[in-house]
Amino acid sequence: MAEMQFMTHDQIVSLLQRFSEEGTVYAPTIVEDQVDFSSRWEAGELVQALKRGNSTLPPKDLFFPQTESIFRFKSKDRDLQIEPADPEEQKFLVFGVRPCDARSINMLDEVFGGPDFEETYYKRRRDNSVLATWTCVEPDQTCFCASLGCGPGEADNADIHFTDVGEGAVVQPKSEKGRQLLQDFGSFREAEVEEVKAAQRVVQKAEEQISLQAPVEGVDDALTDRFEDPVWGEVSASCIGCGICTYLCPTCHCYDLQSEVWGGEGVRYRCWDSCMFSDFTRMAGGENPRPTKRERIRNRYLHKFSYMPDRYGFYGCTGCGRCLAHCPVNIDVIEFLSRAKGVSPSE
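Using the numbering used here, you'd call the opening residue of the sequence shown number 3 and step up by one each time.
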């Protein structure tokens, strides 16, 4: 099978519908004038939703749910019974993922499924998933993915990649899962030379639209050297601690463990948390190593641009621009990184 295929929009819809017969398909859906991933996508609105830009919420909750049960427990007298929750087994396809979000899932793979630790629940979902990316034809004004080694058409970690060229899309399988998906479907043809060139022009045009540049080279050392710098207090002064930057971030993965108990039984569950909340690091005795917004903002930036590069070899940011677009007080990560390095945001 040739690597570059072509599928009409109707064939793409048919592919998703056929996969739905054996698993679940999550695709971009327009809900109240915003785009989010949903299993209740509409075939007639799919292409329109794909043209609307990136989703408001990243698809990370399909692999790392906002809330999930870890185990149930029962106790009677001195007897304690623990019943672990069974990881989900159902196959699912996530279609229309932008390259920046695909890159974030690759990062989460290292956090939850790396060589030193394998998290059962996350790993099982990843094993049962197929990741289908879609070239970002119209990047948002807040996108700066190119600065982080990503881009509108970069999808090396996807299973299959689509680039819309008008009446259909040039399709490229990127993994054995992607090749198998196309083989099972069968209704496609090899892309013609002009269609491949058209896809390349689409990617180039999209890359030219990205004007924001984040000065990330060497920023890990710059941030570490300024650990006690007044800049942390200046940046945090306007922060209201709402945590939206962490909840909308495709790479943030902090969580808390809670229990609900009724009588002699209960459930332990995991739920998203945010390092921007005042009680995130508060200890049982009341002590808090990050008592003010200054320490919490510092930890967030150091985690993404210093600690993660040191531990995993990559920045914990994909340049998706959600934090820029949705921060209610307009805290600008690019402006801050520029200040930390002593350069202007345009350099």
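Each residue gets a CB set at the ideal place from its N, CA and C atoms; glycine is no exception. Note that the structure is a prediction, hence the values are computed from the model and not measured.
Selected residue, minimal CA-CA separation from residue i, among the options
{"i": "residue 263", "options": "76, 12, 37, 63", "result": "76"}
{"i": "residue 48", "options": "320, 33, 59, 242", "result": "33"}
{"i": "residue 9", "options": "170, 254, 275, 210", "result": "170"}
{"i": "residue 301", "options": "238, 336, 115", "result": "238"}
{"i": "residue 200", "options": "94, 168, 81", "result": "168"}
{"i": "residue 126", "options": "41, 144, 67, 142", "result": "67"}
{"i": "residue 324", "options": "51, 106, 7", "result": "106"}
{"i": "residue 297", "options": "89, 162, 316, 277", "result": "277"}
{"i": "residue 322", "options": "143, 79, 83", "result": "143"}
{"i": "residue 137", "options": "52, 111, 334", "result": "52"}
{"i": "residue 189", "options": "336, 83, 14", "result": "14"}
{"i": "residue 256", "options": "246, 273, 267", "result": "273"}
{"i": "residue 304", "options": "220, 195, 55, 83", "result": "220"}
{"i": "residue 282", "options": "83, 7, 245", "result": "245"}
{"i": "residue 266", "options": "26, 139, 80, 120", "result": "80"}
{"i": "residue 344", "options": "254, 288, 228", "result": "228"}
{"i": "residue 12", "options": "46, 6, 88, 5", "result": "46"}
{"i": "residue 248", "options": "335, 130, 294", "result": "335"}
{"i": "residue 91", "options": "59, 122, 226", "result": "122"}
Alpha carbon of residue i to alpha carbon of residue j, nearest angstrom
{"i": "residue 329", "j": "residue 187", "result": "42 Å"}
{"i": "residue 271", "j": "residue 74", "result": "9 Å"}
{"i": "residue 275", "j": "residue 207", "result": "38 Å"}
{"i": "residue 132", "j": "residue 95", "result": "5 Å"}
{"i": "residue 134", "j": "residue 86", "result": "31 Å"}
{"i": "residue 280", "j": "residue 241", "result": "12 Å"}
{"i": "residue 116", "j": "residue 311", "result": "15 Å"}
{"i": "residue 332", "j": "residue 339", "result": "15 Å"}
{"i": "residue 19", "j": "residue 39", "result": "16 Å"}
{"i": "residue 250", "j": "residue 93", "result": "25 Å"}
{"i": "residue 183", "j": "residue 191", "result": "14 Å"}
{"i": "residue 243", "j": "residue 203", "result": "42 Å"}
{"i": "residue 158", "j": "residue 341", "result": "32 Å"}
{"i": "residue 198", "j": "residue 174", "result": "10 Å"}
{"i": "residue 222", "j": "residue 108", "result": "21 Å"}
{"i": "residue 230", "j": "residue 309", "result": "16 Å"}
{"i": "residue 348", "j": "residue 337", "result": "Interpretation of residue 348 is limited by its pLDDT of 49, a score under 50 that renders its predicted location unreliable; the figure taken from the coordinates is listed afterwards. Computed Cα separation, rounded: 9 Å."}
{"i": "residue 194", "j": "residue 25", "result": "31 Å"}
{"i": "residue 54", "j": "residue 236", "result": "35 Å"}
{"i": "residue 84", "j": "residue 259", "result": "16 Å"}
{"i": "residue 124", "j": "residue 63", "result": "10 Å"}
{"i": "residue 30", "j": "residue 287", "result": "45 Å"}
{"i": "residue 285", "j": "residue 78", "result": "30 Å"}
{"i": "residue 44", "j": "residue 82", "result": "47 Å"}
{"i": "residue 128", "j": "residue 101", "result": "17 Å"}
{"i": "residue 50", "j": "residue 97", "result": "14 Å"}
Sub-7 Å separation of residue i and residue j beta-carbons
{"i": "residue 149", "j": "residue 224", "result": "no"}
{"i": "residue 269", "j": "residue 71", "result": "yes"}
{"i": "residue 205", "j": "residue 151", "result": "no"}
{"i": "residue 61", "j": "residue 99", "result": "yes"}
{"i": "residue 176", "j": "residue 160", "result": "yes"}
{"i": "residue 41", "j": "residue 28", "result": "yes"}
{"i": "residue 103", "j": "residue 291", "result": "no"}
{"i": "residue 307", "j": "residue 317", "result": "yes"}
{"i": "residue 209", "j": "residue 153", "result": "yes"}
Residues that DSSP places opposite residue i in a beta bridge
{"i": "residue 166", "result": "171"}
{"i": "residue 30", "result": "39"}
{"i": "residue 264", "result": "267"}
{"i": "residue 278", "result": "Looking at the DSSP assignment, residue 278 forms no beta bridge with any residue, so it has no partner."}
{"i": "residue 272", "result": "70, 259"}
{"i": "residue 10", "result": "170"}
{"i": "residue 83", "result": "76"}
{"i": "residue 133", "result": "96"}
{"i": "residue 191", "result": "8"}
Distance between beta carbons of residue j and residue i, contact taken as under 8 Å
{"i": "residue 147", "j": "residue 212", "result": "7 Å"}
{"i": "residue 37", "j": "residue 57", "result": "5 Å"}
{"i": "residue 139", "j": "residue 111", "result": "Not a contact, Cβ separation roughly 26 Å."}
Test: residue i CB closer than 7 Å to a CB of chain E
{"i": "residue 29", "result": "Of the protein chains in the structure, only one exists, and it is not chain E."}
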